[in-house]
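Residue numbers (our numbering): 2 to 638.
Yeah, the Cβ is synthetic: ideal placement off N, Cα and C, and Gly gets one too.
These numbers were taken from a predicted model, which means no experiment stands behind them.
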Ligand SMILES: Cc1cc2nc3c(=O)[nH]c(=O)nc-3n(C[C@H](O)[C@H](O)[C@H](O)COP(=O)(O)OP(=O)(O)OC[C@H]3O[C@@H](n4cnc5c(N)ncnc54)[C@H](O)[C@@H]3O)c2cc1C
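The following block contains the structure:
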């Protein structure tokens, strides 16, 4: 299969403008003749549904939560990047572009990343106009702070609740369109299949999570903004409901899945505390602006952190990376934390933690300033651990957090199924092998507010899309398939809970396809996962019925998809014989222990085609070329 990225050529600064000019337009009076389905109400889906409604399209929008404003984006804490250069510290669109291509370890498309950096400016203006309460300086200017992988302050924030405030902005815009009758909202409704007619995406099959009703919704195009798949690892910083079902079932209908093994492990999370824990909590990267990461200099030092003097501490990030210090990118910070713990220097009961210490910041800035910047994060830490971070250093450890992989899309955000668009974390996006902090919110809103509303019109104006309805055989077949899976899960009188299988799968993934990977470990996982998957289908117990609210049933379907996706993640990780960004293969590292890329052989996006459960998927490659930011060994020293 030929993967045409449709990336424009010519000077990078004008590519998006020229591309937009060349896209066909739908006449304003004709927009009401089209219906677009948007799955997801997070920052990507919410922004897209509101913007498409505002343009005059009929929109049908879906989410599985009881309200669109409960999408997982609400959890985002630290901030959103934009190259406004308010601090006059040398930032520019080009620098954000450069940092993002480099931060992603040269595994993203230059054209996309430059467009993202350009649009970052519009996002802040749009959100301010909506009334998003970004933090301000005394002068009234919007305040900024720094995130990993950057030496400038470009992260806009609203205390530690940036996602919530941005989502309220998108949600209000969405509600306006719901009120105006442009958007038909379907909360508590889960997409369980994609309807493909004559090779084009024409609708979805859903299950009403309250009544269990399975039905088809038809449209002229479908956009998936269904979020990431970190929960394939069971323990992650994502909300418990986050899942891969929408994109996975679209993958099974023909959409290629790109770079599934590019998963991000965030360095600063509250460490695992026991076998029955069901999720992990993030401590925002913003804390690394003022917090210092360290471990005791000698093994077995059990003194409380405050009793360990400076000369007996190892501030390992500051020591190894003097230029970026504690603000190295996430992949680098996570690997270094793992390394010191593997060397036996970890702290806490499990030894799987390092300190994040605000002692010096409190001395320098005073408690009120620290409280103003990070108060709600400190409170969250205290509520979960019972320890007061104003008094004692926090303990943190890396955890699964974000997935750079996702459905392959071209420059227009269209997947390999014509008419199927993918936005936000659900696509394979612009972050290459490692996302920089505060760039996911930027990408989700760029996709939803600014890119999709421009590109989807080109498709609608170019295609002849005959009217279709739910009696179409393709819709009937998809509905029957969904009903059959639901029935099989309910009728299985097994012995083990869905969660117990999910936990076992997550352990395999974390152990063999987590922070570091080896060919041997990946082969082990690839042998173990299908065995566990078959056992799951034979032995899972799903209580209740399919005609009511049944969260076990919802979870069972999602975990069934995680099993298949997990196999693809490991296959991709095994195939990529190099280290890059979050994909660290132990066999491929520099003498200093950094990721060693193999540009000659792996400078491509790996896009996988589904060939049936248990059959090896087919690999298609989209070559990546770099005209502006030339691939070098990433250095943050
Ligand atoms: C704790 C935490 C903190 C973070 N902090 C930051 C930060 O400070 N800055 C930053 O840039 N990024 C941050 N991120 C990452 C960022 O929040 C996410 O990448 C981003 O919000 C994803 O947005 P989205 O719109 O793509 O998906 P989501 O917000 O996950 O929304 C997915 C939507 O899809 C719907 N959906 C999913 N599947 C289905 C289905 N089958 N049927 C119907 N509906 C479905 C859901 O109901 C939901 O509405 C953070 C992530 C976490 C976990």
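Less than 7 angstroms between the C-beta atoms of residue i and residue j, yes or no?
i, j, result
"residue 597", "residue 589", "yes"
"residue 601", "residue 621", "no"
"residue 173", "residue 54", "no"
"residue 583", "residue 471", "no"
"residue 448", "residue 249", "no"
"residue 356", "residue 399", "no"
"residue 497", "residue 244", "no"
"residue 228", "residue 300", "no"
"residue 442", "residue 231", "no"
"residue 34", "residue 57", "no"
Please state whether DSSP places residue i in a helix, a strand or coil.
i, result
"residue 214", "coil"
"residue 316", "coil"
"residue 355", "strand"
"residue 1", "No answer is possible for residue 1: the residues shown for the chain start at 2 and end at 638."
"residue 201", "strand"
"residue 310", "coil"
"residue 163", "helix"
"residue 1", "Outside the shown range of the chain, which is 2 to 638, sits residue 1, and nothing can be said about it."
"residue 337", "helix"
"residue 1", "Outside the displayed range of the chain (2 to 638) lies residue 1, so it cannot be described from this structure."
"residue 222", "strand"
"residue 531", "helix"
"residue 639", "The structure shown has nothing for residue 639, since the chain only spans 2 to 638."
"residue 473", "coil"
"residue 418", "coil"
"residue 488", "helix"
"residue 389", "coil"
"residue 99", "helix"
"residue 128", "helix"
"residue 88", "coil"
"residue 242", "coil"
"residue 298", "coil"
"residue 496", "coil"
Pick from the options: whose alpha carbon is nearest that of residue i?
i, options, result
"residue 389", "368, 528 and 494", "368"
"residue 288", "614, 328, 226 and 510", "328"
"residue 265", "233, 506 and 291", "233"
"residue 222", "526, 586 and 49", "49"
"residue 630", "42, 90 and 103", "103"
"residue 494", "539, 511, 614 and 473", "539"
"residue 74", "166, 6 and 135", "166"
"residue 252", "10, 617, 239 and 416", "416"
"residue 570", "459, 610 and 20", "610"
"residue 46", "58, 62, 57 and 33", "62"
"residue 321", "311, 340 and 310", "340"
"residue 579", "107, 36, 6 and 3", "107"
"residue 11", "379, 20, 552 and 119", "20"
"residue 176", "587, 42 and 208", "42"
"residue 376", "8, 162, 209 and 568", "162"
"residue 473", "68, 51, 218 and 66", "218"
"residue 87", "133, 137 and 330", "137"
So, is residue i buried or exposed, given that buried needs 16 or more other C-beta atoms within 10 angstroms?
i, result
"residue 545", "exposed"
"residue 184", "buried"
"residue 633", "exposed"
"residue 638", "exposed"
"residue 2", "exposed"
For residue i, verify whether its CB is less than 6 angstroms away from any heavy atom of ligand 1.
i, result
"residue 627", "no"
"residue 44", "yes"
"residue 65", "yes"
"residue 68", "no"
"residue 425", "yes"
"residue 445", "yes"
"residue 551", "no"
"residue 191", "yes"
"residue 238", "yes"
"residue 73", "yes"
"residue 634", "no"
"residue 227", "yes"
"residue 40", "yes"
"residue 245", "no"
"residue 346", "no"
"residue 441", "yes"
"residue 376", "no"
Is there at least one non-hydrogen atom of ligand 3 closer than 6 angstroms to the beta-carbon of residue i?
i, result
"residue 78", "Judged by which ligands are present, ligand 3 is missing from the structure shown, whose ligands are ligand 1."
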